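Each remark here refers to the structure printed beneath this line.
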Amino acid sequence: MTEKHLDLVFLWHMHQPDYRDHISGEHVLPWVYLHAIKDYTDMAAHLERHPFLHAVVNFVPVLLDQIDDYCQQFTLNEFRDPLLRLLAAPSLEGITAADRRLLLDACFRSNHNTMLLPFPRYRQLYELYKLLISREGEAALVYLSEAYFADLVMWYHLAWTGETERRSAPLIATLMSKGEGYTSEDRLQLLAWIGTTLSSIVPRYKALQDRGQIELSATPATHPLAPLLLDFSSARETHPEAPLPLASGYPGGRARLAIQIEQARQSHARRFGAPPNGMWPAEGAISAPVLREMAEGGCRWIASGEGVLRNTLSNRLPPHATHEPWYYADAAGLTLFFRDERLSDLIGFEYANWHGRDAARHLVSQLETILAAAPPDHSPVVCIALDGENAWEHYPYNGHYFFEDLYGLLETHPTIRSTTFTELINRPALPPVNELPGLTAGSWVYGTLSTWIGDAEKNRAWDLLCAAKQSYDLVIASGRLSETEMTAAESQLAI
Numbered sequence: 033m034t035e036k037h038l039d040l041v042f043l044w045h046m047h048q049p050d051y052r053d054h055i056s057g058e059h060v061l062p063w064v065y066l067h068a069i070k071d072y073t074d075m076a077a078h079l080e081r082h083p084f085l086h087a088v089v090n091f092v093p094v095l096l097d098q099i100d101d102y103c104q105q106f107t108l109n110e111f112r113d114p115l116l117r118l119l120a121a122p123s124l125e126g127i128t129a130a131d132r133r134l135l136l137d138a139c140f141r142s143n144h145n146t147m148l149l150p151f152p153r154y155r156q157l158y159e160l161y162k163l164l165i166s167r168e169g170e171a172a173l174v175y176l177s178e179a180y181f182a183d184l185v186m187w188y189h190l191a192w193t194g195e196t197e198r199r200s201a202p203l204i205a206t207l208m209s210k211g212e213g214y215t216s217e218d219r220l221q222l223l224a225w226i227g228t229t230l231s232s233i234v235p236r237y238k239a240l241q242d243r244g245q246i247e248l249s250a251t252p253a254t255h256p257l258a259p260l261l262l263d264f265s266s267a268r269e270t271h272p273e274a275p276l277p278l279a280s281g282y283p284g285g286r287a288r289l290a291i292q293i294e295q296a297r298q299s300h301a302r303r304f305g306a307p308p309n310g311m312w313p314a315e316g317a318i319s320a321p322v323l324r325e326m327a328e329g330g331c332r333w334i335a336s337g338e339g340v341l342r343n344t345l346s347n348r349l350p351p352h353a354t355h356e357p358w359y360y361a362d363a364a365g366l367t368l369f370f371r372d373e374r375l376s377d378l379i380g381f382e383y384a385n386w387h388g389r390d391a392a393r394h395l396v397s398q399l400e401t402i403l404a405a406a407p408p409d410h411s412p413v414v415c416i417a418l419d420g421e422n423a424w425e426h427y428p429y430n431g432h433y434f435f436e437d438l439y440g441l442l443e444t445h446p447t448i449r450s451t452t453f454t455e456l457i458n459r460p461a462l463p464p465v466n467e468l469p470g471l472t473a474g475s476w477v478y479g480t481l482s483t484w485i486g487d488a489e490k491n492r493a494w495d496l497l498c499a500a501k502q503s504y505d506l507v508i509a510s511g512r513l514s515e516t517e518m519t520a521a522e523s524q525l526a527i
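Positions 33 to 527 (this note's numbering) are the ones given, in order, by the sequence shown.
And the structure:
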């Protein structure tokens, strides 16, 4: 008889929307490269330090496209991100008023408790800015010196470095120790480090995959709300009275979703060696037609939110229902997993306020409780799924001690086994799989689609998108566009 144990799957979802202006090529917000040098590096490093901890890491293709874009900028030494352009500038003396305003607006945008207040010089820069504003107003900012802006742009980027990099990269430690008086040479050294770090992201995760420690999964290419592309009325499966857009539906939505699924598979194969076995649909949003599209598109598993399962089962979750795989008869070959909402949200929203070791021990104890409550012949499957980048700035040291303790405890735990979805479905004896009686459309946000449709502004936005799609279809049918123009138009449509 197989020893009773708990199968634990972490799914870390890595996503940033497309921040590029596709007319100018400029990046209007810096979150892709900032999360890359802080969170994507740290999350890889935690796994590298704990080689017996297994997980699923989900990359959205539009995020990887932007990382590639940044890598190209570093290769060409031509920066289309204004913050990087200023970091690379030989001198910050005499920069334009617009660039001064940009630095002041951008470089204090972070969690101040964990990413500004711990650094005396950075805190001083902020306090001086607030003092000038309060006493003299905006006009006084013209007197801030070149040295002020040099230190500001340096400290903003240093505050966004990953904790593991601060502990392992001598350059980062040296620059942080310097504290102030940063030179153009300092800025160029940090710039070069950012470029090297960005270029290492995909190879590091591919190496973790190739040694069998992680599974890499994907999301349809630009993170589309799949149920709504197929049918606006799917929103009424949880909110029967929800107002809908004037348009009857997104024109050709089924074809668009199929294209986005295939583009994601091709992107994944190009970067990681093979198409993904599974997907995390954007926002965990699914419906019965979406499941069929995903199955036909080659997916063997998908994951979604517990709220979707709860609504599907008429708000009556049987014991252990969330901790078992499911299947849907109309989506042959597709296994469904649902995230444990409470445990996932403890990591996402609560444990940042705990001591790292206490949080890690508490999570492990919650898993032990789930295992103890399971029937004697039942090994539960617990899925913990959340964003892999956004929570950590709320944790001291970017969550370093939480992960060190959590992964360390799990690596040696006698009855909790970290694993991946593909490993589970490839077992000769898969844990008990239940059949869904149907599927109520929803997402991991409240188990509904109300975040994206159902009020006047959101419905108006869908009507505008439908009008844009109709215009796109007419122009494509006219044959007036060159191949390059068609590719550019489709790219913007997808976004």
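By construction, the Cβ of each residue, glycine as well, lies at the ideal position given by its N, Cα and C atoms.
None of the values given here were measured: they were computed from a predicted structure.
Whether residue i touches residue j by CB criterion (7 Å)
i: Leu368; j: Cys331; result: no
i: Tyr439; j: Gly388; result: no
i: Met46; j: Phe91; result: yes
i: Asn422; j: Glu195; result: no
i: Glu247; j: Thr451; result: no
i: Ile69; j: Thr254; result: no
i: Leu43; j: Val88; result: yes
i: Thr472; j: Glu269; result: yes
i: Leu79; j: Leu257; result: no
i: Gln502; j: His54; result: no
i: Gly316; j: Ser475; result: yes
i: Leu323; j: Ala274; result: no
i: Met186; j: Tyr214; result: yes
i: Gly227; j: Phe106; result: yes
i: Val414; j: Pro463; result: no
i: Leu222; j: His189; result: yes
i: Pro321; j: Leu262; result: yes
Neighbour-count burial assignment, residue i, 16 or more Cβ in a 10 Å radius
i: Ser249; result: buried
i: Phe435; result: buried
i: Phe84; result: exposed
i: Leu278; result: exposed
i: Leu96; result: buried
i: Thr206; result: exposed
i: Leu177; result: According to the sequence provided, residue 177 is Ser. The question's Leu does not apply to it. Per the 10 Å Cβ criterion, exposed.
i: Asp101; result: buried
i: Ser336; result: buried
i: Phe370; result: buried
i: Asp242; result: exposed
i: Asn145; result: exposed
i: Phe181; result: buried
i: Asn109; result: exposed
i: Ala361; result: exposed
i: Asp487; result: exposed
i: Arg512; result: exposed
Backbone CA spacing between residue i and residue j [nearest angstrom]
i: Ala493; j: Ile293; result: 23 Å
i: Ala129; j: Tyr175; result: 11 Å
i: Met33; j: Pro152; result: Residue placement at Met33 cannot be trusted, given a pLDDT of 42 that sits under 50; what the coordinates show is reported in the next sentence. Roughly 60 Å separates the two Cα atoms.
i: Ile204; j: Tyr51; result: 27 Å
i: Arg112; j: Asp131; result: 14 Å
i: Leu456; j: Val465; result: 11 Å
i: Met75; j: Lys162; result: 34 Å
i: Leu375; j: Lys238; result: 28 Å
i: Ser514; j: Ala520; result: 10 Å
i: Asn491; j: Asp218; result: 49 Å
i: Arg236; j: Asn143; result: 27 Å
i: Ser411; j: Trp333; result: 19 Å
i: Gly169; j: Ser231; result: 42 Å
i: Leu135; j: Leu442; result: 43 Å
i: Thr354; j: Asp372; result: 6 Å
i: Ala191; j: Ala172; result: 26 Å
i: Ser482; j: Ser266; result: 10 Å
i: Thr251; j: Ile165; result: 44 Å
i: Ala306; j: Leu395; result: 34 Å
Residues bridged to residue i [DSSP beta-bridge criterion]
i: Leu248; result: Val89
i: Phe369; result: Ala335
i: Glu467; result: Tyr359
i: His432; result: BP columns for His432 are empty, so no partner.
i: Val413; result: Asp39
i: Ser450; result: Leu40
i: Leu418; result: Trp44
i: His59; result: Arg52
i: Gly310; result: Trp333
i: Gly474; result: Ile318
*asked:* Does the stretch 271–290 come into contact with the stretch 338–347, if we say contact requires no fewer than three beta-carbon pairs (one atom in each stretch) closer than 8 Å?
replied: The stretch 271–290 makes no contact with the stretch 338–347; the number of CB pairs closer than 8 Å stays below 3.
*Would you say the stretch 38–56 touches the stretch 391–410, given that touching needs at least three Cβ pairs under 8 Å?*
Touching, yes, given that three or more Cβ pairs across the two stretches are closer than 8 Å.
*Is the number of C-beta pairs between the stretch 294–310 and the stretch 507–523 that are closer than 8 Å three or more?*
With a cut-off of 8 Å, the stretch 507–523 and the stretch 294–310 do not count as touching, because too few Cβ pairs lie within range.
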